[in-house]
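Under my numbering, read the sequence shown as residues 701 to 779, first letter to last.
Quick reminder that beta carbons are idealized off the backbone N, C-alpha and C, glycines included.
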Amino acid sequence: METLVELIGYATGVYFIKPNIGTGELVVTLIVIHLCDAVLCLIVARQGGRHQIGWTLAGLLFGVWAALPLLLQRAKQAK
């Protein structure tokens with residue numbers, strides 16, 4: 701179980717910032733981070749003409765890994 705917590709901590713980047721964070725703190729931190737990433741994805745998708753609900757759900761589930769490619773994309777051109 702501890703290995704799974706460490707894997708999640710490193711995969712999300714939280715352990716690089718605070719390696720001695722407790723499991724409860726890690727869970728709360730990840731919830732807050734993923735909610736913020738979902739809002740960020742919603743805003744960027746709306747501004748870029750992308751599918752808002754899909755990108756919001758991706759941000760909620762995958763966090764920064766969903767926000768990163770969205771931020772790197774160019775805005776869609778109006779037809």
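{"Query": "Where Q747 falls: helix, strand or coil (DSSP)", "Result": "helix"}
{"Query": "Which of helix, strand or coil DSSP assigns to Q752", "Result": "helix"}
{"Query": "Span of the alpha helix (DSSP H) around G709", "Result": "702-712"}
{"Query": "Residue burial classification, A766 (beta-carbon count within 10 angstroms, cutoff 16)", "Result": "buried"}
{"Query": "Delimiting residues of the alpha helix (DSSP H) encompassing P769", "Result": "764-772"}
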